[in-house]
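Accompanying notes for the structure given below.
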Amino acid sequence: MNLVIATTVELAAVTTVLLLVLATPLAWWLARSRRWWSEIIGAISALPLVLPPTVIGFYVLVALGPASPLMALLHPFGIHTLAFSFSGLVIGSLFYSLPFAVQPLRTAFEAIGDRPLDLAATMGAGPMDRFFSIGLPMARRGFLSAAILVFAHTVGEFGVVLMIGGSIPGKTEVLSIRIYQLVEALQYGEAHRIAAGLVVFAFLTLLALLLVERRIRGVQP
Amino acid sequence: MIEVALADRAGEGFRLNVDFSVPAEGITALLGPSASGKTSILRALAGLDRRPGVIRFDGETWQDRHSFWPAHRRQVGYVMQGHTLLPHLSVAGNLDYAARRNPAGPFDRDDIIARTGISGLLERKPHRLSGGEGQRAAIARALLGQPRLLLLDEPLSGVDSEGRAELLAALAGLFNTIVIPVIYVSHDLGEVAALTRRIISLRAGQIERITLAG
């Protein structure tokens, strides 16, 4: 049981850290781009919101399987497949939770507006400098929202991890899958304990998120 | 000289079409009602908007058909209309933001702080400043960016009526002693006349009259 919790938390934590790093430049570009076709990229990055998780899981599984051309690139490094591995789960989770990082970050970056960035430019700050000295600090609460959402959403995923991970104890078995297996084995009592724990966790997460957003509205004039 | 020749392509809505040269010293005022093109000219000079045309400063071509220097390479101090300090930094943080990126130049930090009268405000956050205090801090910050040209957009707007006369006098004193050219935008002839006799009057994106006395 503790092993399952550890795997779940580790997956959510690794996904959160990686996704914040990867989604930040994308969200910044989406927030600042004035070209209409940037919304094509915006729509693609939001696709996981509406696709069934099994679709994401299926494609990631195919891409990480031994026959995939993507994996062929990794053959020289002795890697033949990432399916049914923790790394595979992380990759699937990155896709699955991408919109939950991009949306709050993009909103936070857009809320900065052009003026502080224009002012910074007149003071000699180039594009990268403006991103680090204006974009990141002024959007810091967006990062908090994104981190909370991604973490919680990754803990709650089921379809993707089932497709890619296969529920190997200690490696790829997470809480949501454990519940499913307990119910199939008619062990309702144990299923209840985990399910109730996840309800409490989800509630506390959303409460934290709303409090963060309340602070954003209250503090910024 | 500061040479500005900007002509938007014909189309619907506002169209800027101006051509003027003024000495790269002293104060030049751009005077006109709202939507006359004052701010558009400042933004083009600062390098924030690229409009069709040519801008030269002291023999350097800042933009023409083939080239465009972005804002961060022009060394222009710009005091925008309204709230213009970076909201996540204190007044001192705002000054440092400009100073750190422009370490060398004629403007001394302590001297500028004293002359803009903001020594008591350094630790404050921008949202805790009055309109006049915010403008003084913004002007100090613009100068600590060691600009070669200072642009001010309606610096007295947002300042209460008592503060206006005082700030205007302070600005006149400051401009008399600084070595860089100033372009000062306002809709108020009385305000402009107190500062300079070199006035470009604008209306609907066109130059209505140029007064170059003095």
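Residue numbers (this note's numbering), protein chains in the order written: chain Z, 1 to 221; chain S, 1001 to 1214.
All C-beta atoms, glycine included, are put in the ideal place defined by N, C-alpha and C.
If you're wondering where the values come from, they're calculated on a predicted model, not measured in any experiment.
Bridge-paired residues (DSSP) for residue i
i, result
"Q1026 (chain S)", "Note that residue 1026 (chain S) is Gly in the sequence shown here, rather than Gln. G1026 (chain S) is not bridged to any residue."
"F109 (chain Z)", "Per DSSP, none; premise fails for F109 (chain Z)."
"F1057 (chain S)", "S:I1002, S:E1060"
"L64 (chain Z)", "Paired residues: none, contrary to the question."
"G1077 (chain S)", "S:L1150"
"L1202 (chain S)", "S:I1207"
"Y1184 (chain S)", "S:A1029, S:L1152"
"V1018 (chain S)", "S:L1006"
"F1068 (chain S)", "S:Q1063"
"L1212 (chain S)", "S:R1198"
Any chain S beta carbon closer than 9 Å to residue i
i, result
"S133 (chain Z)", "yes"
"P137 (chain Z)", "yes"
"G142 (chain Z)", "no"
"L119 (chain Z)", "yes"
"A125 (chain Z)", "yes"
"T296 (chain Z)", "Only positions 1 to 221 of chain Z appear in the structure, and residue 296 (chain Z) is not among them; the question remains open."
"R115 (chain Z)", "yes"
"Q220 (chain Z)", "In this prediction, Q220 (chain Z) has a pLDDT of 49, which is less than 50 and means its spatial position is unreliable; nothing more can be read from the coordinates."
Exposure label - residue i; buried when at least 16 CB within 10 Å
i, result
"P127 (chain Z)", "exposed"
"R1073 (chain S)", "exposed"
"T8 (chain Z)", "buried"
"Y188 (chain Z)", "exposed"
"H192 (chain Z)", "exposed"
"E1133 (chain S)", "buried"
"A101 (chain Z)", "buried"
"W1062 (chain S)", "buried"
"G78 (chain Z)", "exposed"
"A6 (chain Z)", "exposed"
"T1177 (chain S)", "exposed"
"I44 (chain Z)", "exposed"
"F132 (chain Z)", "exposed"
"F1014 (chain S)", "exposed"
"M1001 (chain S)", "exposed"
"G57 (chain Z)", "buried"
"L1152 (chain S)", "buried"
"L186 (chain Z)", "exposed"
"V1004 (chain S)", "buried"
9 Å Cβ cutoff, residue i in contact with chain Z
i, result
"H1088 (chain S)", "yes"
"R1197 (chain S)", "no"
"T1084 (chain S)", "yes"
"A1071 (chain S)", "yes"
"Q1063 (chain S)", "no"
"N1176 (chain S)", "no"
"L1167 (chain S)", "no"
"L1048 (chain S)", "yes"
"Y1184 (chain S)", "no"
"N1215 (chain S)", "Here chain S comprises residues numbered 1001 to 1214, so residue 1215 (chain S) is not present and cannot be evaluated."
"V1076 (chain S)", "yes"
"G1145 (chain S)", "yes"
"M1001 (chain S)", "no"
"A1098 (chain S)", "yes"
"A1044 (chain S)", "no"
"G1013 (chain S)", "no"
"R1051 (chain S)", "no"
"R1141 (chain S)", "yes"
"D1124 (chain S)", "Note on identity: in this sequence residue 1124 (chain S) is Arg, with Asp being the wrong assignment. No - not a single Cβ of chain Z is within 9 Å of the one on R1124 (chain S)."
"G1101 (chain S)", "The sequence shown places Arg at residue 1101 (chain S), not Gly. Yes - at least one Cβ of chain Z is within 9 Å of the one on R1101 (chain S)."
"D1008 (chain S)", "no"
"I1112 (chain S)", "no"
Contact with chain C by residue i, beta-carbon distance below 9 Å
i, result
"A1005 (chain S)", "Checking the listed chains, one finds no chain C in this structure; the protein chains it contains are Z and S."
Could you tell me whether the segment 1090 to 1108 of chain S touches the segment 1159 to 1168 of chain S, where touching means 3 or more Cβ pairs closer than 8 Å?
-> no
Mind listing, in chain order, the continuous alpha helix (DSSP H) runs of no fewer than 4 residues lying wholly within the segment 92 to 139 of chain Z?
-> Along the length of the segment 92 to 139 of chain Z, whole alpha helix (DSSP H) runs at least 4 residues long occupy 114 to 122, 127 to 130, reported in chain order.
4-residue-minimum alpha helix (DSSP H) runs that sit fully inside the segment 146 to 220 of chain Z, ordered along the chain = 159 to 165, 175 to 184, 188 to 219
Enumerate, from N- to C-terminal direction, the unbroken beta strand (DSSP E) stretches of 3 or more residues contained entirely within the segment 22 to 62 of chain Z.
-> none
Inside the segment 1079 to 1111 of chain S only - alpha helix (DSSP H) runs reaching at least 4 residues = 1091 to 1101
State whether the segment 1192 to 1205 of chain S contacts the segment 1153 to 1161 of chain S, with contact taken as three or more CB pairs (one from each stretch) at a distance under 8 Å.
-> With contact defined as three or more Cβ pairs closer than 8 Å, the segment 1192 to 1205 of chain S and the segment 1153 to 1161 of chain S are not in contact.
Counting pairs of beta carbons, one from the segment 145 to 160 of chain Z and one from the segment 8 to 20 of chain Z, are three or more of them closer than 8 Å?
-> Output reads yes: the segment 8 to 20 of chain Z touches the segment 145 to 160 of chain Z.
How do the segment 80 to 90 of chain Z and the segment 153 to 173 of chain Z stand: do at least 3 beta-carbon pairs fall below 8 Å, yes or no?
-> yes
Meets three-Cβ-pair contact criterion under 8 Å: the segment 1098 to 1114 of chain S and the segment 1140 to 1150 of chain S | yes
Cβ contact (3+ pairs, closer than 8 Å) linking the segment 1076 to 1083 of chain S and the segment 106 to 124 of chain Z = yes
Do the segment 1112 to 1128 of chain S and the segment 1179 to 1187 of chain S make contact, defined as three or more Cβ pairs closer than 8 Å?
-> The segment 1112 to 1128 of chain S vs the segment 1179 to 1187 of chain S: no contact.
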